[in-house]
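Taken in sequence, the protein lines are chains A and B.
Just so you know, the working numbering puts 47 at position 47 of the first sequence, and the rest follows in order with no gaps.
If you want the working numbering, it's the position in the second sequence, counting the first as 1, plus 111.
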Amino acid sequence: EDQVTQSPEALRLQEGESSSLNCSYTVSGLRGLFWYRQDPGKGPEFLFTLYSAGEEKEKERLKATLTKKESFLHITAPKPEDSATYLCAVFQSGGSYIPTFGRGTSLIVHP
Amino acid sequence: GAGVSQSPSNKVTEKGKDVELRCDPISGHTALYWYRQRLGQGLEFLIYFQGNSAPDKSGLPSDRFSAERTGESVSTLTIQRTQQEDSAVYLCASSLLAGGKETQYFGPGTRLLVL
Chain A
1 EDQVTQSPEA LRLQEGESSS LNCSYTVSGL RGLFWYRQDP GKGPEFLFTL
51 YSAGEEKEKE RLKATLTKKE SFLHITAPKP EDSATYLCAV FQSGGSYIPT
101 FGRGTSLIVH P
Chain B
112 GAGVSQSPSN KVTEKGKDVE LRCDPISGHT ALYWYRQRLG QGLEFLIYFQ
162 GNSAPDKSGL PSDRFSAERT GESVSTLTIQ RTQQEDSAVY LCASSLLAGG
212 KETQYFGPGT RLLVL
């Protein structure tokens with residue numbers, strides 16, 4: 001069964017303490033992998049799209065990378081405003097246009 | 112430009128009542144998806160519309176759930192005879208096209224509580 005697994009489920013960091021979130025996936029072929037940020041009481045906000053192994057994208061303190069089996073969201077010198085739940089979603093290649101979402105990583109950055 | 116909007120933002124209803132949730136997608140987006148998010152869970156796909164094609168209803172959990180979309184504009188998700196397990200946040204997302212090559216943009220969600 002195709003799966004998307006995010007780890008860790010929760011992460012607490014001190015301000016400035018860099019870390020990485022993981023999204024591993026088992027699909028027969030990847031059409032696209034998406035990272036979203038979700039703040040409490042709001043809808044997910046788009047961060048990045050990755051399509052092929054080796055691809056990397058950056059935005060401010062965030063950098064997303066992709067291999068054939070997983071994606072990492074690297075957070076460099078995080079700030080309290082980076083606190084949110086980070087979601088990963090995978091679209092499988094082929095006829096289905098239905099994404100599979102991971103359960104998310106809840107990140108708290110302490111000042 | 113305007114993003115995806117959803118209404119109502121919150122809905123409290125009694126078990127057994129019907130509810131209707133509305134989604135206004137971004138103008139020009141041909142694809143529209145509905146998801147359910149239970150507390151502490153990932154997003155659960157419900158249904159998607161792509162242009163004038165027949166919708167993919169494979170994620171609807173029961174025949175109490177239905178959705179419609181008028182052309183490439185507004186969509187409504189209807190839950191009949193609501194049950195307590197229907198309590199969740201219902202999220203709508205739109206994209207230029209379905210399928211993962213185009214970014215999905217989400218609305219703020221409708222928080223449904225069934226008493």
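By construction, the Cβ of each residue, glycine as well, lies at the ideal position given by its N, Cα and C atoms.
Residue environment, residue i, which counts as buried when at least 16 other CB atoms sit within 10 Å
i               : result
A224 of chain B : The sequence as given places Leu at residue 224 of chain B; Ala does not occur at that position. The residue in question, L224 of chain B, is exposed, as its Cβ has fewer than 16 Cβ neighbours within 10 Å.
Y51 of chain A  : exposed
A53 of chain A  : exposed
I108 of chain A : exposed
Q38 of chain A  : buried
A113 of chain B : exposed
P78 of chain A  : buried
Whether residue i touches residue j by CB criterion (9 Å)
i               : j               : result
T67 of chain A  : K57 of chain A  : no
S177 of chain B : Q191 of chain B : yes
L202 of chain B : Q148 of chain B : yes
S19 of chain A  : T5 of chain A   : no
T124 of chain B : L226 of chain B : yes
F46 of chain A  : P99 of chain A  : no
Q117 of chain B : T221 of chain B : yes
Y146 of chain B : F91 of chain A  : no
E155 of chain B : G170 of chain B : yes
C134 of chain B : S186 of chain B : yes
P80 of chain A  : E17 of chain A  : no
L30 of chain A  : S93 of chain A  : yes
Y216 of chain B : V115 of chain B : yes
Listed by chain order, chain A residues near residue i by CB distance under 9 Å
i              : result
K95 of chain B : Outside the shown range of chain B (112 to 226) lies residue 95 of chain B, about which nothing can therefore be said.
Per-residue DSSP class, three states only, for residue i
i               : result
D82 of chain A  : helix
E131 of chain B : strand
E196 of chain B : helix
T5 of chain A   : strand
K122 of chain B : strand
V225 of chain B : strand
V185 of chain B : coil
G210 of chain B : coil
Q117 of chain B : strand
E45 of chain A  : strand
Residues sharing a beta bridge with residue i, DSSP
i               : result
D67 of chain B  : Residue 67 of chain B cannot be examined here, being either before or after the span of chain B that is shown, 112 to 226.
K57 of chain A  : A:A64
A10 of chain A  : A:S106
H74 of chain A  : A:S20 and A:K63
L30 of chain A  : A:Q92
I190 of chain B : B:V130 and B:F176
Where residue i meets chain A, residues with beta-carbon distance less than 7 Å
i               : result
F217 of chain B : G43 and P44
Partners in chain A for residue i, counting only beta-carbon separations shorter than 8 Å
i               : result
Y159 of chain B : Y97 and I98
Closer than 9 Å at the beta carbon, the chain B residues around residue i
i              : result
R37 of chain A : Those do not exist, as R37 of chain A stays about 11 Å from chain B at its closest Cβ, beyond 9 Å.
Where residue i meets chain B, residues with beta-carbon distance less than 7 Å
i               : result
R103 of chain A : Q152 and G153
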